[in-house]
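Start counting the sequence shown at 382; every next residue gets the next number (our numbering).
The beta carbon of each residue, even a glycine, is placed where N, CA and C say it ideally should be.
Model, not experiment: these values are computed from the prediction.
Data first, discussion second: the structure below is written as structure tokens.
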Amino acid sequence: MSAAKRESNVVQMQVTLPEGRVGHLAFTEDIESYLRRAHNLFGGGLDGADTVVLLEMFFAYKLGSDGNSPGSGKQAVVAIVSFLEHCKTTPWLWQPQHLQHYIASLKTQGLAAATIRGRHHYIKDFCLSILADRPVANKILSRHPGGNFQQIADDKSRALVRGARQRKKKLTCPTPNEVQQVFEWFEAEILEAIEINSKSLYPLLRDRAVITMFYAYGLRKDELRRVDLTDFDFDPECPQYQNFGLLHVIGKGKKQRTLPILVPGMYEFVKHYVEVIRPHWLSNGGVPPEDRNAMFFSDCRKRISKTAIERAVKLRFRQAGVTRNVSPHRLRDVFLTAMTDTLGLSSASDLAGHSMATTTEGYYRKASSIKGDPIKQHVNRLYKNRGDATD
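This is the structure:
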């Protein structure tokens, strides 16, 4: 939304103010209760009205320039209202020390470090949104002599936020024996599902493939979610893998990397999943057109979500009797440990999509260092001496 458009729709719409509302725009009705809290905080009047104008402008900024969902935009407004209620000062009179005191108070309340960082981020964004729209800002300042808009997120408040970070709990990765335990559990459950014609068969086959992909390619959760069939490609150095020799991935920061098959047997495993198992999810229709190229589908026949991936990994390890809490990222740790052992730190860093090898080094888990590779054993056992791998 342009500055001129916002000025027309926000600042000058007092004449069409809906009855009973302090907000001026139809699309801000969901945040009306928070707008009213800010309005009443300053006793209504010009201070309250102009504070509401700025909050609505910020909401529009989050939905427009930042591309946030209405829910995320509402969360941003809630953070600003919380800050207003703490400092009891209109935005054109804010000073850096107001934010410093606010961050300090959040720490004394025992709020989570992530929550404190989020509040600081929203307040910084609020200041940026005002400074980016000078016509609206100048119009408000003309009604409040002595006021001034500035960025109040400074080095001191950022230092307070960094100080709020707590040491992360050290997470442990599954051992090779535990991963082998999970794959053996999958084999037994899949055989039983075939024998009794159970509806659980295809979810089991999908979840086994998900865990195998994490373990064999070292993908991040969102990277795996976004894998499409067209992301697989021919590897001229390994023509025997046909069109599944390479996997093109877009990772963090839209950085692209290409992953070869590093685990013997993965060609047969991926090919079998694509040609035999994946079509089940496309049968009987129901898959949205934009998802038809996806590698993995949820039970409701849409592209699988990050939440569903996380749930599947945790569930299957637990069902297999592994007591430790295993997440997809811990499987990435195991992959990078194995690659560091076999290829060296520099090559492992390239496979991980890390800009610096020191980041990859932080993933290395000596206790999980692969002595016997369970996934290699698993896929080799599945497809050894079999021209057509089926379950």
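**Message:** Considering just the uninterrupted stretch of the beta strand (DSSP E) at Arg697, what are its terminal residues?
**Reply:** Following the DSSP letters along the chain, one finds Arg697 in no beta strand (DSSP E) but inside the alpha helix (DSSP H) bounded by residues 687 to 700.
**Request:** Please report the Cβ distance between Ile642 and Gly626, rounded to the nearest whole angstrom; I am assuming they are in contact, meaning their Cβ atoms lie under 8 Å.
**Result:** Confirmed, Cβ separation roughly 6 Å.
**Message:** Buried or exposed for Ile577, going by 16 or more other Cβ atoms inside 10 Å?
**Reply:** Exposed, by the Cβ-count rule.
**Item:** Endpoints, the beta strand (DSSP E) within which His479 is located
**Value:** It is not in any beta strand (DSSP E) - His479 instead sits in the alpha helix (DSSP H) that spans 477 to 489.
**Prompt:** Using a Cβ-Cβ cut-off of 8 Å (strictly less than) and excluding sequence neighbours within five positions of Asn624, which residues of its own chain qualify?
**Reply:** So the list reads Phe613, Asp614, Phe615, once near-sequence residues are dropped.
**Prompt:** With a CB to CB cut of under 7 Å and the five nearest residues on each side skipped, what residues in its chain are close to Thr471?
**Reply:** The beta carbon of Thr471 sits closer than 7 Å to those of Phe423, Asp428, Thr432, all from its chain and outside the five residues before and after it, given in chain order.
**Message:** What does the alpha-carbon distance come out to for the pair Phe698 and Gly646?
**Reply:** Approximately 22 Å, taken between the alpha carbons.
**Message:** Could you check whether His525 and Trp473 sit closer than 8 Å to each other, using their CB atoms as the reference points?
**Reply:** Taking 8 Å as the Cβ cut-off, Trp473 and His525 qualify as a contacting pair.
**Request:** Quick one: using the 10 Å Cβ neighbour count with 16 as the cut-off for buried, is Leu696 buried or exposed?
**Result:** In the assembly as shown, Leu696 is an exposed residue. Its beta-carbon has fewer than 16 other beta-carbons within 10 Å.
**Request:** Give the DSSP-derived three-state secondary structure of Arg705 in the structure shown.
**Result:** DSSP places Arg705 in coil when its eight states are reduced to three.
**Prompt:** Would you call the CB atoms of Asp672 and Lys683 closer than 8 Å?
**Reply:** Closer than 8 Å, so yes.
**Beta carbon of Leu537 nearer than 8 Å to that of Pro477** = For the sequence presented, residue 537 should be read as Lys rather than Leu. Yes, they are a contact pair.
**Item:** Exposure of Ala457, with buried meaning 16 or more beta-carbon neighbours within 10 Å
**Value:** So Ala457 ends up on the buried side.
**Message:** Give me, in chain order, the residues of the same chain whose beta-carbon lies closer than 7 Å to that of Asp680; leave out the 5 immediate sequence neighbours on both sides.
**Reply:** Result list for Asp680: Pro584, in chain order.
**Asked** Can the beta-carbon of Leu416 be found closer than 8 Å to that of Leu435?
**Response** No, Cβ-Cβ distance for Leu416 and Leu435 is not below 8 Å.
**Item:** Pro557, buried or exposed, once every other Cβ within 10 Å from all chains shown has been counted against 16
**Value:** Buried is the label assigned to Pro557, since at least 16 other Cβ atoms lie within 10 Å of its Cβ.
**Asked** If Gln562 sits next to Val707, beta carbons under 8 Å apart, how far is it from one beta carbon to the other, in whole angstroms?
**Response** Their Cβ separation, rounded to whole angstroms, is 11 Å, which puts Gln562 and Val707 out of contact at 8 Å.
**Item:** Continuous alpha helix (DSSP H) stretch holding Arg515: start and end
**Value:** Note, Arg515: alpha helix (DSSP H), 515 to 523.
**Message:** Between which residues of its own chain and Asn674 is the CB-CB distance below 7 Å, once the five residues before and five after are set aside?
**Reply:** Asp609, Leu610, Thr611.
**Asked** Just curious, the alpha helix (DSSP H) that Pro641 is in, first and last residue?
**Response** Unbroken run through Pro641 is the beta strand (DSSP E), 637 to 641; no alpha helix (DSSP H).
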